[in-house]
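Numbering (my numbering), first residue to last: 3 to 115. First up is the structure itself, then whatever we jot down about it.
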Amino acid sequence: MLTAADLPDDPEVLRALLVAARAEAAQLAERTAQLAAEVERKTIVTIEAEAEIARLNAMIAAFMRHRFGPRSEKLDEDQFELVLEDMGIALGRVKAKLDDASTPKERAARERR
């Protein structure tokens, strides 16, 4: 950062410094807008993924109550397969949305878990 003592006396040099500072400020503002848009997009994807996860957890809880509850009944094998298939498809959608929203570095970290 320049102090008043560091500034040159030549008006042309001062103008050049001002133009450079404005260009840098414009670049920073553009980058800030890009990052804000990315954060907003990732927030939306995260909210959607959390809602889908909550829905899947509710399905699992209902399935567990039905399967192991006090008056548990045997679930038809076809119904069981449909529930599992629906959960698998939904889980795949959540993973795909999260992968689309993440950077390669974030994807690698998630895959290591």
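Glycine included, C-beta positions come from ideal geometry on N, C-alpha and C. None of these values were measured; they are calculated from a predicted model.
Own chain residues within Cβ distance below 6 Å of V47, not counting five before or after: When the five nearest sequence neighbours on each side are left out, the beta carbons in the same chain lying within less than 6 Å of the beta carbon of V47 are those of K99 and A103, in order along the chain.
G94 in three-state terms, based on DSSP: helix
The alpha helix (DSSP H) enclosing L2, as first and last residue numbers: Here the chain has residues from 3 to 115 only, and residue 2 is not among them.
C-alpha gap between K44 and E50, whole angstroms: Each residue's Cα considered, the two are about 10 Å apart.
Three-state secondary structure (DSSP) of D78: DSSP, reduced to helix, strand and coil, places D78 outside both helices and strands of the structure shown, so it counts as coil.
Buried or exposed (CB count within 10 angstroms, at least 16 for buried), V96: It is buried - the Cβ of V96 has at least 16 other Cβ atoms within 10 Å.
Alpha carbon of L58 to alpha carbon of L37, nearest angstrom: 31 Å
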